[in-house]
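Chains as they are written, first to last, in our numbering: chain A, 5 to 285; chain B, 5 to 285.
Number of protein chains: 2
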Amino acid sequence: MDIDCRAIAQSLKLNLMQQSLVLEEDMGIVPSLVSVSVNRTGDSSAYVRSKRKLAEELGVQFRDMDLKGATAAELESQLRDLSSDPSVHGIMIESPLPGGFDFQKFADMIPAAKDVDGLSTESQGLIAVNREFMRPATAYAIIKILEHLNVPGGSSVTIINRSKLIGRPLAMMLLNRDYTPTVCHSKTIDLQRIARSSGILVTGVGKAGFITSDYVTENTVLIDASINFRNGKITGDADYENLRDHIMAITPVPGGVGAITPVMIYTNLIASLMERSRISH
Amino acid sequence: MDIDCRAIAQSLKLNLMQQSLVLEEDMGIVPSLVSVSVNRTGDSSAYVRSKRKLAEELGVQFRDMDLKGATAAELESQLRDLSSDPSVHGIMIESPLPGGFDFQKFADMIPAAKDVDGLSTESQGLIAVNREFMRPATAYAIIKILEHLNVPGGSSVTIINRSKLIGRPLAMMLLNRDYTPTVCHSKTIDLQRIARSSGILVTGVGKAGFITSDYVTENTVLIDASINFRNGKITGDADYENLRDHIMAITPVPGGVGAITPVMIYTNLIASLMERSRISH
């Protein structure tokens with residue numbers, strides 16, 4: 005069975021459109037987001053375009069700022085300006101930055117209230133101490149899928165990914181919701197056995213065809229968070245055609261986790277503005 | 005087999021004594037630590053006394069500050085003074101604080117460089133993004149035991165505890181060292197099966213006799229991080245007498261994790277001072 009991630013995304017978007025209207029009509033706030041990149045390449049341009057399109061649907065003002073040939077000092081100075089500019093509500097730094105740029109250092113210049121990617125040390129710390137504020141979009145999208153499926157608290161969830169975008173914050177977010185996380189990676193011993201022993205398997209390996217029948221059982225719910233390109237086609241980690249009829253449920257790629265992920269950036273943005281306006285009223 | 009945690013603690017202490025001497029002789033720095041409590045009770049007094057005794061052994065200046073009847077504002081003001089006082093190198097807040105005091109809020113007033121308990125949002129965030137600086141002492145003690153046992157990277161480690169003192173930071177610290185963590189808790193479904201499936205089992209449940217033979221196999225290495233009182237005796241979570249000869253290895257209580265934990269506070273303190281003095285030289 006395919007998990008209908010487009011339907012989840014659609015329902016989240018409708019909700020955001022309503023909140024965005026409330027912000028504008030009741031409070032006169034038009035949410036605004038700035039995407040900052042340095043020497044952007046083709047792939048990330050496509051991603052930025054899709055985020056811009058979504059912003060327009062949601063009534064969010066989107067500014068695309070590509071700093072061509074910027075030095076680290078120039079990026080720093082730009083981030084400082086955006087951080088202190090009250091008309092900017094959210095800031096994202098697009099990956100990759102040029103070689104030698106320390107991504108985390110720049111992410112940490114964004115104040116928590118504007119860190120819509122949830123990648124700063126403070127945002128990750130707030131997740132770890134169960135005071136979630138901004139959440140990394142992919143991890144958050146996976147949580148929305150689990151909620152949609154009504155996965156009961158206490159259930160085991162195995163993640164094959166230990167990045168700051170997925171595995172690490174997702175493990176803490178799962179604990180915050182009473183799930184039981186296991187975090188696996190390239191060094192994990194006995195990975196197939198561990199993957200099979202858990203009802204929910206999240207994969208973010210980045211290798212097309214990596215997840216074969218050796219990693220699943222007929223009871224597996226497979227959430228495929230990878231976006232790989234193979235033979236000119238977009239595909240996840242799962243050997244989708246061979247698995248889909250032999251496991252409990254699967255998210256397709258495209259049209260799976262990736263359909264929800266960009267929506268979660270705007271959920272971060274709009275929820276934090278709603279929160280702020282509630283406090284000031 | 006008992007894991008000889010007192011020997012691990014002893015070797016760590018010898019190392020700290022040497023570093024402490026270097027700091028004093030070469031740099032004229034005597035490490036200093038302040039323990040702050042409000043309306044301290046008997047149990048935590050005993051813990052503070054043992055920390056003071058260890059400080060004396062290690063050449064650390066220890067100040068015990070119990071604020072009797074202090075309000076939240078008074079505690080805040082005291083923490084602000086200690087944070088800006090250059091003669092204070094480390095600050096610990098003793099639990100429990102009076103009802104209504106938000107422990108995390110006070111922990112977050114301690115700057116990262118002085119947060120020797122590793123409980124601030126920033127310290128926990130630094131662990132989560134693999135830039136460990138200050139580590140919660142119990143989690144760090146468990147890492148030292150794994151290193152002592154030469155547990156290979158990739159191995160599975162199951163933790164029954166999801167607190168900010170043990171389970172959460174330990175999971176991230178395990179990932180930072182290539183282990184494969186699973187974090188369980190009171191809501192976990194099928195806990196005994198999960199516990200048995202992992203070579204290393206860490207328990208911090210706080211219930212004497214909780215870990216019975218149902219949770220282990222003959223290959224289990226059991227790290228018991230609890231300190232419980234039963235019938236006037238100190239005991240961990242494990243049914244120690246019945247388990248010790250039927251599993252691979254076990255940490256006794258007392259004389260196990262708890263023998264190493266206080267040493268890790270001073271490891272945080274002295275390592276950060278060594279780091280700082282290296283930078284300034």
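Cβ atoms here follow ideal geometry from the backbone N, Cα and C, with glycine treated the same way.
Computed from a predicted model, the values in this text were never measured in an experiment.
Delimiting residues of the alpha helix (DSSP H) encompassing A:D47: Translated into positions along the first sequence, residue 47 of chain A becomes position 43. Here the alpha helix (DSSP H) through A:D47 covers 46-62.
Spell out a yes or no on whether the stretch 121-141 of chain A and the stretch 165-184 of chain A are touching, meaning 3 or more CB-CB pairs, one atom from each, closer than 8 Å. yes
For chain A, is any of its Cβ atoms less than 7 Å away from the one on B:V187? Sequence index remark: in the second sequence, residue 187 of chain B carries index 183 (1-based). B:V187 counts as touching chain A.
Contacting positions in the stretch 97-114 of chain A - beta carbon closer than 8 Å to chain B: Q108
Between the alpha carbons of B:L18 and B:R280, how many angstroms are there, rounded? Residue numbering aside, residue 18 of chain B sits at position 14 when the second sequence is read from its first letter. Residue numbering aside, residue 280 of chain B sits at position 276 when the second sequence is read from its first letter. C-alpha separation (whole angstroms): 21 Å.
Segments assigned beta strand (DSSP E), at least 3 residues, entirely inside the stretch 151-223 of chain A: 160-164, 184-188, 204-207
Does the Cβ-Cβ distance between B:Q23 and B:I274 come in under 7 Å? Stepping through the second sequence from its first residue, residue 23 of chain B is reached at position 19. Stepping through the second sequence from its first residue, residue 274 of chain B is reached at position 270. Yes, Cβ-Cβ distance for B:Q23 and B:I274 is below 7 Å.
So A:I149 packs on A:I12, CB below 8 Å; how close in whole Å? Against the first sequence, residue 149 of chain A aligns to sequence position 145. Against the first sequence, residue 12 of chain A aligns to sequence position 8. 7 Å between Cβ atoms; contact.
Candidates B:G157, B:V209, B:T216, B:I251, of which the one nearest B:I231 by Cα: If you number the second sequence from 1, residue 231 of chain B lands on position 227. Ranking the options by Cα distance to B:I231, first place goes to B:V209.
Range of the contiguous beta strand (DSSP E) that encloses A:N232: The residue you call residue 232 of chain A lines up with position 228 of the first sequence. Taken as a continuous stretch (DSSP letters only), the beta strand (DSSP E) holding A:N232 covers 232-234.
Indicate the three-state DSSP secondary structure (helix, strand or coil) for A:L101 in the structure shown. To locate residue 101 of chain A, count along the first sequence from 1; it is residue 97. Coil, per DSSP.
Per DSSP, what kind of secondary structure is B:K237 in: helix, strand or coil? By 1-based counting over the second sequence, the position of residue 237 of chain B is 233. In this structure, B:K237 counts as strand in the three-state DSSP scheme.
Pick helix, strand or coil for B:F110, following the three-state DSSP scheme. Here residue 110 of chain B refers to the residue found at position 106 of the second sequence. B:F110 falls in the helix class under three-state DSSP.
Identify the contact partners of A:Q196 in chain B, using a Cβ-Cβ distance below 7 Å as the criterion. Taking the first residue of the first sequence as 1, we reach residue 196 of chain A at position 192. Ordered by position in chain B, no residue passes the 7 Å Cβ test against A:Q196, which lies about 13 Å from the chain.
Proximity to A:E80 [Cα-Cα], best of A:S91, A:I95, A:P90, A:R67: Residue mapping note: residue 80 of chain A aligns to position 76 of the first sequence, counting from 1. Out of A:S91, A:I95, A:P90, A:R67, A:I95 has the C-alpha closest to the C-alpha of A:E80.
Same chain only: Cβ atoms within 6 Å of A:I215, ignoring 5 sequence neighbours per side: For the purposes of this step, residue 215 of chain A is taken as residue 211 along the first sequence, with counting starting at 1. The residues are T207, D241, A242.
Is any beta-carbon of chain E found at less than 7 Å from that of A:S202? This model lacks chain E altogether; the protein chains it does include are A and B.
Is it the case that the Cβ atoms of A:I251 and A:V220 are separated by a distance below 7 Å? Position 247 of the first sequence, counting from 1, holds the residue named residue 251 of chain A. Position 216 of the first sequence, counting from 1, holds the residue named residue 220 of chain A. Result yes, Cβ atoms of A:I251 and A:V220 sit closer than 7 Å.
Indicate the three-state DSSP secondary structure (helix, strand or coil) for B:I254 in the structure shown. As a first step, residue 254 of chain B is located in the second sequence; it is residue number 250 there, counting from the start. If DSSP states are grouped into helix, strand and coil, B:I254 belongs with the strands.
Use the C-beta contact count for A:K211: other C-beta atoms within 10 angstroms, 16 or more gives buried, fewer gives exposed. Within the first sequence, residue 211 of chain A is the residue found at index 207, counting from 1. Exposed is the call here.
Cβ-Cβ distance between B:I97 and B:F110 below 7 Å: What you label residue 97 of chain B is simply residue 93 of the second sequence in a count that begins at 1. What you label residue 110 of chain B is simply residue 106 of the second sequence in a count that begins at 1. Contact: yes.
Taking B:N246 as the reference, which of B:V267, B:D218, B:I264, B:P266 has the closest Cα? As a first step, residue 246 of chain B is located in the second sequence; it is residue number 242 there, counting from the start. When only C-alpha atoms are compared, the closest one is B:D218.
State the CB to CB distance for the pair B:M69 and B:V34, rounded to an integer number of angstroms; the pair is presumed to be in contact (CB under 8 Å). The sequence position of residue 69 of chain B within the second sequence is 65, counting from 1. The sequence position of residue 34 of chain B within the second sequence is 30, counting from 1. So it is not a contact: roughly 18 Å between Cβ atoms.
What would DSSP say about B:M268, mapped onto helix, strand or coil? Taking the first residue of the second sequence as 1, we reach residue 268 of chain B at position 264. Three-state result, B:M268: helix.
Boundaries of the alpha helix (DSSP H) in which A:V26 is found, first to last residue: Position 22 of the first sequence, counting from 1, holds the residue named residue 26 of chain A. Where A:V26 is concerned, the enclosing alpha helix (DSSP H) stretches over 9-31.
Neighbour list for A:V133 in chain B, Cβ cutoff strictly below 7 Å: As a position in the first sequence, residue 133 of chain A is number 129, starting the count at 1. Near A:V133 (Cβ distances below 7 Å), the residues of chain B are Q108, T125, Q128, K168.
Mind pulling the chain B residues with CB within less than 7 Å of A:S159? Taking the first sequence and counting its residues from 1, one reaches residue 159 of chain A at position 155. Per Cβ cutoff of 7 Å: I193.
So, is the C-beta of B:R181 closer than 7 Å to a C-beta in chain A? Here residue 181 of chain B refers to the residue found at position 177 when the second sequence is read from its first residue. Cβ-Cβ to chain A under 7 Å: no for B:R181.
According to DSSP, simplified to helix, strand and coil, what is A:A74? Locating residue 74 of chain A in the first sequence gives position 70, counting from the first residue. Three-state DSSP puts A:A74 in coil, outside helix and strand.
Using the three-state DSSP reduction, which class does B:S124 fall into: helix, strand or coil? Within the second sequence, numbered from 1, the residue matching residue 124 of chain B stands at position 120. Note: B:S124 maps to coil in three-state DSSP.
Counting only beta-carbon separations shorter than 7 Å, does A:R84 have a partner in chain B? The residue given as residue 84 of chain A occupies position 80 in the first sequence. Answer no: the Cβ-Cβ gap between A:R84 and chain B never drops below 7 Å.
Excluding the 5 residues preceding and the 5 following A:L101 in the sequence, name in chain order all residues of the same chain whose CB lies nearer than 6 Å to its CB. Along the first sequence, read from residue 1 onward, the residue named residue 101 of chain A stands at position 97. Taken in chain order, the residues that qualify are V42, F107.
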